[in-house]
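In order, the protein sequence lines correspond to chains A and B. Read left to right, the first sequence gives residues 92 to 362 (our numbering). Read left to right, the second sequence gives residues 2 to 321 (our numbering). Cβ coordinates follow ideal geometry from the N, Cα and C atoms, glycine included. Notes for the one structure printed next.
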Amino acid sequence: MRSDKQSRTPMGLKIAAGAGLAFLHLPILLIFLYAFTTEDKSYQFPPPGLTLKWFAVTWNRPDVWEALGLSVRVASISTVVALVLGTLCAAAISQTRFFGREAISLLVILPIALPGIITGISLRSAFNLAEIPFSFWTIVLGHATFCVVVVYNNAVARFRRVSGSLIEASMDLGADGFQTFRHVILPNIGTALLAGGMLAFALSFDEVIVTTFTAGQQATLPIWMLEELVRPRQRPVTNVVAMVVVLVTFLPILAAYYLTRDGDQISGQGK
Amino acid sequence: MSATTLRTGTGAILPGRGGVGGALSDAFWRNPKLLLFVMLTPPLLWLGIIYLGSLFALLIQSFFSIDEFSGLVVREFTLKTYGELLRPSNLDIIVRTVTMAGLVTIASAIIAFPIAYFAARYAKGRWKAVFYLGVMLPLWSSYLVKVYAWKLILAKEGILSWIFDKLHLTFLIDAWLTLPVVGGNSLSLSLTGTFLVFVYVWLPFMILPVQAALERVPGNLLEASADLGASPRQTFVNVLLPLALPGIIAGSIFTFSLTLGDYIIPQIIGTSHRFIGMAVYAHQGTAGNIPLAAAFTVVPVVIMGIYLWLAKRAGAFNAL
């Protein structure tokens with residue numbers, strides 16, 4: 092009797108959990124509605140009418156395309172750098188035991204554990220001290236620094252599941268280190284790296300706090316949005332861009348989820 | 002066949018590959034420390050030199066001061082800038098930010114708990130995935146878009162006013178806005194608005210660790226508590242909450258730290274009262290007072306240092 096009652100979900104909990112999820116999602120859905128509004132002077136609700144006009148207007152705006160292009164280039168290069176550095180670090184941390192291991196794993200997490208403004212201002216003042224002019228590469232430098240941790244986390248979690256005996260078996264069968272990496276390790280950690288890379292891309296594509304400090308005159312898409320938020324010029328265009336940004340970041344996250352979903356079994360431990 | 006012949010390749014099953022690749026591979030196999038060194042050098046160079054170097058440079062600059070007449074930075078060690086930090090107006094900013102961070106943390110913990118508990122204990126199969134993605138998507142979706150959505154919601158002509166108007170409850174908003182401190186001209190120009198947006202934006206960071214902690218609570222513990230005659234409330238206070246606490250503390254590290262350092266949310270939704278992040282931004286930008294900006298950034302670092310130390314003692318890191 093008693094345990095029967097326990098297994099049913101209490102109504103209050105259901106409502107609270109559902110309301111919490113609604114609280115998380117309704118504001119984002121609202122963005123989709125506003126992308127179609129005919130109102131262009133205020134944030135009036137409900138929208139007086141719906142139109143597709145602003146999609147065409149946004150399509151023909153060169154500044155939006157420029158910002159989008161810069162964001163994609165920055166995110167791609169930062170992701171590549173983060174993939175290399177994060178994988179190396181994860182491999183070293185998970186495959187070996189050495190002095191200072193804990194310190195290194197802390198160092199990797201630090202850029203994301205400290206508030207972004209600290210990373211931003213310290214990089215900016217370092218660039219000033221070293222007299223490095225702001226450019227595309229200073230943005231990449233900042234982004235790659237905090238993207239490493241995302242790749243690292245994904246790779247470390249997967250390395251933990253790859254049984255060490257697989258690598259030993261490969262070596263016993265005559266493969267050298269590089270062959271083992273190419274044919275045994277890489278296929279095992281591949282999806283984790285892909286997922287980590289996608290999350291790093293989403294993180295970089297969206298980053299604004301560090302970027303305000305490390306970008307000079309160039310505007311990435313988030314910087315463009317921030318300027319529109321502080322000093323609105325054409326609200327409907329901002330609405331459309333916001334909707335596109337939501338869609339662009341959702342896809343890699345969904346993909347990353349499906350890539351890492353089935354990784355619960357330990358490879359090489361099955362019968 | 003002994004190990005030595007294997008290594009030299011003469012008696013191996015397959016002949017050695019030879020060339021640079023083979024030689025390197027052999028060297029790494031003979032000396033694992035060399036491989037470790039090669040693997041760790043690039044990330045350590047990047048993070049150690051670029052990142053830690055910059056942090057250190059910033060820390061040093063907080064001990065410099067600014068010449069009041071010329072406005073130039075004097076590169077001599079002094080504690081003058083820290084003295085300036087303790088002025089009442091600056092202390093105000095620090096107290097306001099820490100209070101906001103504390104309130105945001107408490108509110109997120111309260112909203113996060115039912116979601117995390119439902120997802121950990123009752124959601125099965127498909128619903129589990131729905132809840133997981135339901136938290137992950139808002140967590141990863143664009144920060145600025147989320148802030149922008151709240152600008153739409155809280156605007157005077159926005160959806161929230163509309164709902165209250167339809168329910169004939171507009172007087173409630175008006176009454177709330179006339180209150181000191183939390184009030185303002187409209188919801189998007191009040192500290193209440195700032196608070197709401199902070200809670201919204203950081204909430205997923207609280208849900209995930211709490212859920213991880215609750216997943217580890219065995220269901221039969223709760224049944225045992227009920228069998229022994231505890232009411233649901235007693236079970237919650239004496240069994241569930243203590244077991245979930247490390248997860249809540251782990252989540253609070255994020256909500257607290259992120260609120261301490263944010264300068265964009267209070268700038269877009271809020272009053273003219275400053276937060277630490279805004280003060281840092283203003284001092285390093287137009288004012289050009291890098292030493293004071295640097296000293297300001299030391300505040301969240303010190304607070305987070307103490308916080309992390311306490312959290313570690315409470316065992317929160319096992320829940321991450």
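Review point. Serine 143 of chain B and aspartate 154 of chain A: beta carbons closer than 7 Å?
Key: In the second sequence, residue 143 of chain B corresponds to position 142, counting from 1. In the first sequence, residue 154 of chain A corresponds to position 63, counting from 1. No, the pair does not count as a contact, with Cβ atoms beyond the cut-off.
Exercise for review: Below 8 Å CB to CB, which residues in the same chain sit around methionine 101 of chain B once its five sequence neighbours on both sides are set aside?
Suggested key: For this step, residue 101 of chain B is matched to residue 100 along the second sequence. Taken in chain order, the residues that qualify are Leu192, Thr195, Phe196, Phe199, Thr260 and Phe276.
Review point. Based on Cα-Cα distance, which residue from A/Ile106, A/Lys132, A/Tyr125 and A/Thr128 lies nearest to arginine 324 of chain A?
Key: What you label residue 324 of chain A is simply residue 233 of the first sequence in a count that begins at 1. Checking every option, the nearest Cα to that of arginine 324 of chain A belongs to A/Lys132.
Practice item. Keeping to the same chain, check which residues put their C-beta closer than 6 Å to that of alanine 4 of chain B; ignore five residues upstream and five downstream. Key: Numbered from its first residue, the second sequence carries residue 4 of chain B at position 3. Residue placement at alanine 4 of chain B is flagged as unreliable, the pLDDT there being 45, under the threshold of 50; a coordinate-derived value is accordingly withheld.
Practice item. Could you name the residues of the same chain whose beta carbon sits closer than 6 Å to that of threonine 330 of chain A, not counting the 5 residues immediately before and after it, in chain order? Key: The residue labelled residue 330 of chain A in the question sits at position 239 within the first sequence. Residue identity differs from the one stated: residue 330 of chain A is asparagine in this sequence, not threonine. Within the same chain, asparagine 330 of chain A has close Cβ partners Tyr125 and Ala126.
**Study point:** Beta-carbon proximity check, valine 281 of chain B vs alanine 296 of chain B, cutoff 7 Å
**Key:** The residue you call residue 281 of chain B lines up with position 280 of the second sequence. The residue you call residue 296 of chain B lines up with position 295 of the second sequence. Result no, Cβ atoms of valine 281 of chain B and alanine 296 of chain B do not sit closer than 7 Å.
**Study point:** contact_flag[the stretch 207-216 of chain B, the stretch 227-236 of chain B] where n(CB pairs < 8 Å) is 3 or more
**Key:** no
Check your understanding: Is the stretch 165-182 of chain B in contact with the stretch 147-164 of chain A, if contact means three or more CB pairs nearer than 8 Å?
Key -> Contact fails: fewer than three Cβ-Cβ distances are below 8 Å.
Check your understanding: Can you find a CB in chain A that lies within less than 7 Å of the CB of phenylalanine 29 of chain B?
Key -> One-based indexing of the second sequence puts residue 29 of chain B at position 28. At a cut-off of 7 Å between C-beta atoms, phenylalanine 29 of chain B counts as an interface residue with respect to chain A.
**Study point:** Status (buried if at least 16 other CB within 10 Å, exposed otherwise) for phenylalanine 190 of chain A
**Key:** As a working mapping, residue 190 of chain A is identified with position 99 in the first sequence. Result: exposed.
Practice item. Identify the continuous alpha helix (DSSP H) that holds proline 74 of chain A and give its terminal residues. Key: This structure leaves residue 74 of chain A out entirely; chain A is present only between 92 and 362.
**Study point:** Paired residues, beta bridge with threonine 128 of chain A - DSSP
**Key:** As a working mapping, residue 128 of chain A is identified with position 37 in the first sequence. Threonine 128 of chain A pairs with A/Leu141.
Practice item. State buried or exposed for isoleucine 94 of chain B, treating a residue as buried only when at least 16 other CB atoms are found within 10 Å of its CB. Key: Position 93 of the second sequence, counted from the start, is the residue given in the question as residue 94 of chain B. Per the 10 Å Cβ criterion, buried.
Check your understanding: Mind checking tryptophan 228 of chain A: buried by the 16 CB within 10 Å criterion, or exposed?
Key -> The residue given as residue 228 of chain A occupies position 137 in the first sequence. By the 10 Å Cβ count, tryptophan 228 of chain A comes out exposed.
Point to revise | chain A contact for phenylalanine 1 of chain B (CB, 7 Å cutoff) | key: The structure shown does not extend to residue 1 of chain B, since chain B is modelled only from 2 to 321, so the question has no answer here.
Check your understanding: Which residues mark the beginning and the end of the alpha helix (DSSP H) in which isoleucine 111 of chain B is found?
Key -> As a working note, residue 111 of chain B is residue 110 in the second sequence. First-last of the alpha helix (DSSP H) with isoleucine 111 of chain B: 89-118.
Exercise for review: Output yes if chain B places a C-beta closer than 7 Å to the C-beta of serine 213 of chain A; else output no.
Suggested key: Along the first sequence, one-based indexing puts residue 213 of chain A at 122. Yes - at least one Cβ of chain B is within 7 Å of the one on serine 213 of chain A.
Point to revise | Cutoff 7 Å: tryptophan 47 of chain B Cβ touching any chain A Cβ | key: Position 46 of the second sequence, counted from the first residue, corresponds to residue 47 of chain B. By this cut-off, tryptophan 47 of chain B is an interface position.
Review point. Is the beta carbon of proline 139 of chain A less than 7 Å from the beta carbon of threonine 149 of chain A?
Key: Your numbering for residue 139 of chain A matches position 48 in the first sequence. Your numbering for residue 149 of chain A matches position 58 in the first sequence. No, the Cβ-Cβ distance between proline 139 of chain A and threonine 149 of chain A is not below 7 Å.
Review point. What residues from the stretch 181-197 of chain A come within 8 Å of chain B, judged by C-beta to C-beta, listed N to C?
Key: Ala182, Ala183, Thr187, Phe189 and Ile195
Check your understanding: Secondary structure at valine 75 of chain B, three-state DSSP: helix, strand or coil?
Key -> Locating residue 75 of chain B in the second sequence gives position 74, where the first residue counts as 1. Valine 75 of chain B sits in a strand when the DSSP states are folded into three classes.
Point to revise | Three CB pairs or more closer than 8 Å across the stretch 210-221 of chain A and the stretch 57-76 of chain B | key: They touch, by the three-pair rule.
Exercise for review: Check each residue of the stretch 135-146 of chain B: if its Cβ is closer than 9 Å to any Cβ of chain A, include it; give the result in chain order.
Suggested key: Residues of the stretch 135-146 of chain B with a C-beta less than 9 Å from any C-beta of chain A: Gly135, Val136, Met137, Leu138, Pro139, Leu140, Trp141, Ser142, Ser143, Tyr144, Leu145 and Val146, listed in chain order.
Check your understanding: Which one or two residues does DSSP pair with serine 191 of chain B in a beta bridge?
Key -> If you number the second sequence from 1, residue 191 of chain B lands on position 190. For serine 191 of chain B, which the question treats as bridged, DSSP gives the partners B/Gly185.
Check your understanding: Using the beta-carbon count (16 or more within 10 Å), is valine 136 of chain B buried or exposed?
Key -> Counting from one through the second sequence, the residue named residue 136 of chain B turns up at place 135. Result: buried.
Point to revise | Nearest candidate by alpha-carbon position, reference proline 267 of chain B, set B/Ser109, B/Leu145 and B/Asp27 | key: Numbered from its first residue, the second sequence carries residue 267 of chain B at position 266. Closest by alpha carbon: B/Leu145.
Review point. Quick one: is the Cβ of isoleucine 107 of chain B within less than 6 Å of any heavy atom of the ligand FMN?
Key: Of the ligands one can find in the structure shown there are none, so the ligand FMN has no counterpart to examine.
Review point. Alanine 312 of chain B to tryptophan 141 of chain B, Cα distance in whole Å?
Key: Looking up residue 312 of chain B in the second sequence gives position 311. Looking up residue 141 of chain B in the second sequence gives position 140. Taking the straight line from one Cα to the other gives about 25 Å.
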